[in-house]
Amino acid sequence: MAKQIQEILIDDLDGGEANETVAFAIDGSSYEIDLSDMNAKKLRDALTPFVQHARRSAPAPLRRRGRGTQRTISREKSSEIRQWAKAHGLPVSERGRISSTVVEQYEASHR
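In our numbering, the protein residues as written are 796 to 906.
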């Protein structure tokens, strides 16, 4: 039995057909939006004057449709990050996943 699965993107602004998923970040939060070529161009055009005057920073991890980009951290590195976070008064659990904001603060302090 053959099966064909189609993924159709819907433009999040106007409900029409979208051609791409645009990822962007602002104020420490990452976003994705499905847009048609025209709406993607509008977004990029609106951001251009700001991007031209901005400086690049370390890339924030963005999730792309269809591909997971979640980073895994070694046990040793996790332990190191937990100790650093506790020493700096940041909330961190004894076990489990370390929040991305804590990891980003750790990485920023060790550049």
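Even for Gly, the Cβ is constructed at its ideal location relative to N, Cα and C.
>> I need the straight-line Cα distance from R890 to A880, nearest angstrom please.
In response: 13 Å
> Which whole-angstrom value is the C-beta distance of E802 and T816, which I expect to be below 8 Å?
Replying inline: With a Cβ gap of about 11 Å, E802 and T816 do not count as contacting.
> What residue does the alpha helix (DSSP H) around S873 start on, and which one ends it?
Replying inline: R870 to A882
>> When you compare the CB positions of D806 and S825, do they come within less than 7 Å of one another, or not?
In response: no
>> Beta-carbon within less than 6 Å of F819's beta-carbon, same chain only, minus the 5 sequence neighbours each way: which residues are those?
In response: Y826
>> Run through the DSSP bridge pairs and tell me what T896 is partnered with.
In response: In the DSSP assignment, no residue is bridged to T896.
> Using DSSP with H/G/I as helix, E/B as strand and the rest coil, what is R862?
Replying inline: The predicted position of R862 is uncertain, since its pLDDT is 45 and thus under 50; a value taken from the coordinates is nonetheless stated next. Strand.
>> Among I876, H848 and V887, whose alpha-carbon lies nearest the alpha-carbon of S904?
In response: I876
> Is V846 buried or exposed, if buried means 16 or more other CB atoms sit within 10 Å of its CB?
Replying inline: exposed
>> Can you give me the C-alpha to C-alpha distance between R892 and R851, rounded to a whole angstrom?
In response: Cα to Cα, R892 sits roughly 28 Å from R851.
> Buried or exposed: where does A809 fall if 16 or more other Cβ atoms within 10 Å of its Cβ makes it buried?
Replying inline: As written in the sequence, residue 809 is Asp, which differs from the Ala given in the question. Per the 10 Å Cβ criterion, exposed.
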